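Heads up, the thing below is written out as structure tokens.
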Amino acid sequence: MRLDAWKNLQQAGDDYVTVALDTTRDGPGAAHRIELRWEAARDELAAAGVPDRLLELIGDRFAVVDGRTGPVGRCVIAAVGDDGDAARIVLDVPLPEAPDGIADRGPVPNLLPLLRSGQRYPAHLHVNIDRTGADISVRGPLGADAGEPAVSGDHDVIHKVSAGEASEQRLQRRAEDSWERNATEVAHQVDRLAQQHHPAVITVAGDTRAVTALHAHVNERVAALLTVLDTGGRADGTDQEAQEAAIRDALDAAVATDVEQTTAQLLQAEGRQDRAAQGPDEVTRAFDRGQVETLVLTDPPPDTRRAVELAAAALRTDAAVVLVPAEVTLPGGVAAVLRWADGATPHDSGPSMPGHGEQPGWQP
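Numbering (this note's numbering), first residue to last: 58 to 421.
Shown next, in the form of structure tokens:
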């Protein structure tokens, strides 16, 4: 995943405090459990020398009741300057799932909770379409609601009549023309939103003919992202739960494909001793030379602090980050696909990664 949304974090201060907690409020005693989680995190941070005033600011963020249901969380990152009075909140984002608890202070922000949820909940669009227009849901990274624009076609003949007399045939042609023009308007909107939000997948549901027309009119890059669902649409009585489940399945499939493609690319480059680096030291040197295109980390990492440092380097150098399951064996839990390589590019002198030449298969 790209880290563009958090690009400015590393210019915020000299030291960082990162807290990620489960803020699920469903069920009896949920509020008390959140308080206990925060108290444990606060004690850990206080022992690390985090100023009381900053702890109060962070605690206030976890006391917020935002009305969300189900397993959810929150991640708060604060910057601490040389002077404790300069401490301030620089990021406060709701997470779409309950994270592993993190209370961390260090020279770089701990991006792991954002990476974990961001990879599972990438930016995506959903289009419910019929022959009169469409409703488009836009979700940013971490499942953030970015709006739901509606597109209504301005062509009034939408009902196709049975063939017969010449007048009926003319009306039929007008209806077909109206469907195509409405689909073109929807396609233009989808193209624009895709360019703006960079979705990992675009799910589509609704009238079969309208879906086909949409696919024909979006640009080639957007067409490659379209996934047609078997459920959903604009009609009254649509099963929203079934539609949401289908969208979740499409997201999981897109994430799995991205992980498999990245690892296959890594294996291929490593086998040629070309555009790949393995292990924390090699990858660190590649970051220093501005070579890293995609950082690959096993999750959970064998060395959390090193993984945090490398993720921060990815943020600093505009590299992408992909998390892979622990069963994917990487030296030190770290590897990278490089933008370029030359004679000075660091390479290991040992054998290639276990599984080289195989096509890995797993679920995220």
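We put the beta carbon where it would ideally sit given N, CA and C, even for glycine. Quick caveat, the model's predicted, so the values are computed rather than measured.
Beta-bridge partners of G163, as assigned by DSSP: As a beta-bridge residue in DSSP terms, G163 pairs with Y73.
Pairwise C-alpha distance: R238 and C132: The straight-line gap from Cα to Cα measures roughly 44 Å.
Rounded straight-line distance, which links the Cα of P108 to that of R332: For R332 and P108, the gap between their C-alpha atoms comes out near 44 Å.
Minimum length 3: unbroken beta strand (DSSP E) runs contained in the segment 295 to 365: Complete beta strand (DSSP E) runs here, min 3: 333 to 335, 349 to 356.
Identified DSSP bridge partners for G263: DSSP, once it has assigned bridges, lists I186 as partnering G263.
Cutoff 7 Å; reference T288; Cβ partners in own chain excluding five residues on either side: Same-chain partners within the cutoff: A262, D296, A299, Q300, A303.
Unbroken stretches of the alpha helix (DSSP H), 4 residues or longer, contained in the segment 102 to 126: Whole alpha helix (DSSP H) segments, 4+ residues: 109 to 119.
C-alpha distance - A307 paired with V258, whole-angstrom precision: Looking at the two C-alpha atoms, the distance is approximately 8 Å.
Euclidean distance between Cα positions of G127 and V279: Going from the Cα of G127 to the Cα of V279 covers about 32 Å.
Contacts around D72, its chain only, beta-carbon distance under 8 Å, and the 5 residues preceding and following it disregarded: For D72, where only same-chain residues beyond five positions count, the Cβ hits under 8 Å are A136, V137, G138, R162, G163, P164.
G175: first and last residue of the uninterrupted beta strand (DSSP E) it sits in: Careful: G175 lies outside any beta strand (DSSP E), inside the alpha helix (DSSP H) at 169 to 177.
Simplified DSSP assignment, three categories, for G286: At residue 286 the sequence reads Leu, which differs from the Gly that was named. Three-state result, L286: coil.
T374 (DSSP reduced to helix, strand or coil): Reduced to three states, the DSSP call for T374 is helix.
Assigned exposure category for A292 - 16 Cβ within 10 Å defines buried: It is exposed - the Cβ of A292 has fewer than 16 other Cβ atoms within 10 Å.
A160 burial status per 10 Å Cβ neighbour count (16 or more: buried): Counting the other Cβ atoms within 10 Å of the Cβ of A160 gives 16 or more, which makes it buried.
Selected residue, minimal CA-CA separation from R125, among D315, T81, G197: T81 is the residue among D315, T81, G197 whose C-alpha sits nearest the C-alpha of R125.
CA-to-CA distance, Q252 to L286, given in whole angstroms: Near 22 Å, if we compare the C-alpha coordinates of Q252 and L286.
Alpha-carbon to alpha-carbon, T284 and T374: If you draw a straight line from the Cα of T374 to the Cα of T284, it comes to about 32 Å.
Integer-rounded CB distance, given that V349 should sit under 8 Å from L395: A Cβ-Cβ distance of about 6 Å is found for the pair L395 and V349, placing them in contact under the 8 Å criterion.
Inter-residue spacing [alpha-carbon to alpha-carbon] between D157 and F119: Distance between the alpha carbons of D157 and F119: 15 Å.
Helix, strand or coil at H255 [DSSP, three-state]: Three-state result, H255: coil.
Beta-carbon spacing of T75, I134 below 7 Å: Yes, Cβ-Cβ distance for T75 and I134 is below 7 Å.
Top-ranked residue by Cα proximity to L250, from G106, D83, D79, H183: L250 has its Cα closest to that of H183, out of G106, D83, D79, H183.
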